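Each remark here refers to the structure printed beneath this line.
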Amino acid sequence: MPRRLIRKYLPSPASIKNNRSLNVLGSRIHDPNLWHLNRRSVSGAVFVGLFVAFMPIPFQMVLAAVLAVAFNVNLPLSTCLVWISNPLTYWPIFYFAYKLGTLVLGLPDGEFNFELSWRWLKEDFGGFWQPLLTGSLISGLFFGLAGFSLMRLYWRLMVTKRWQQRHKKKTTQQPND
């Protein structure tokens, strides 16, 4: 069952509830639906986490947590999935998003010199923000929806497999009368 696999890697609800940085979410953080592992909450969390992972913004985990609370999906999973974009993967993700944005907007393909610095933000970001944001939104939606759909399919397949195993076990254990 996907639930067991997910529980193995996620932090405990108590450790997340006691995290001071999440106090901004208020009392809604204690809603049990944010901690449930079911098909709806997990697939929604996959969408939120993957969508936010492609956004070129700081504090992605905070945005993922706020969206998880707003959409009532699994909070720990949505915040963990934003780490797909990390210091090692920023450059390829944002380069791909920029190229996709220039293609969609029909802009000339400029030189992409991305660096995480205030100087780059002040001086060079002006020419990059539209294609980068457009490509990031499209990528986030695409990968978020793909992850959502694949998680729903995987969950359904695992439930069906477990049901068939139980049914097979039940039919083989029936006494012959």
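Heads up: take any position in the sequence shown, counting from 1, add 4, and you land on the working numbering. Using N, Cα and C, we set each Cβ at its ideal position, and we do this for glycine too. Keep in mind the model is a prediction, meaning the values are calculated, not measured.
CB of residue i within 8 Å of CB of residue j, strictly
i	j	result
I88	L54	yes
V108	T83	no
M59	S140	yes
A57	L92	no
Residue-chain proximity (residue i, chain C), Cβ-Cβ < 8 Å
i	result
L38	Absent from the structure is chain C; it holds one protein chain and no more.
Residue nearest to residue i in terms of C-alpha spacing, selected from the options
i	options	result
F63	G48, A101, L157, N90	N90
S153	R44, W122, K12	R44
R160	S47, L85, S31	S47
Q134	Q168, G105, F146, L9	G105
P112	Y158, G131, M162, Q168	G131
A18	G110, P80, V70	P80
D35	A68, Y13, F75, L9	F75
Reduced DSSP category for residue i - H, G, I as helix; E, B as strand; rest coil
i	result
T2	Coverage of the chain is limited to positions 5 through 181, which leaves residue 2 absent and any answer about it impossible.
V61	Looking at the sequence provided, one finds Ile at residue 61 rather than Val. DSSP places I61 in coil when its eight states are reduced to three.
W159	helix
T164	helix
Supposed close pair residue i, residue j - CB separation, criterion 8 Å
i	j	result
V50	A72	Not really, about 11 Å apart at Cβ, beyond 8 Å.
Y102	L136	5 Å
L41	R11	7 Å
S31	F100	Going by Cβ atoms, the distance from S31 to F100 rounds to 39 Å, so no, they are not a contact pair.
Limits of the alpha helix (DSSP H) - the one that residue i falls within
i	result
V50	43-57
G184	This structure gives no information on residue 184, because the portion of the chain shown stretches from 5 to 181.
L81	79-85
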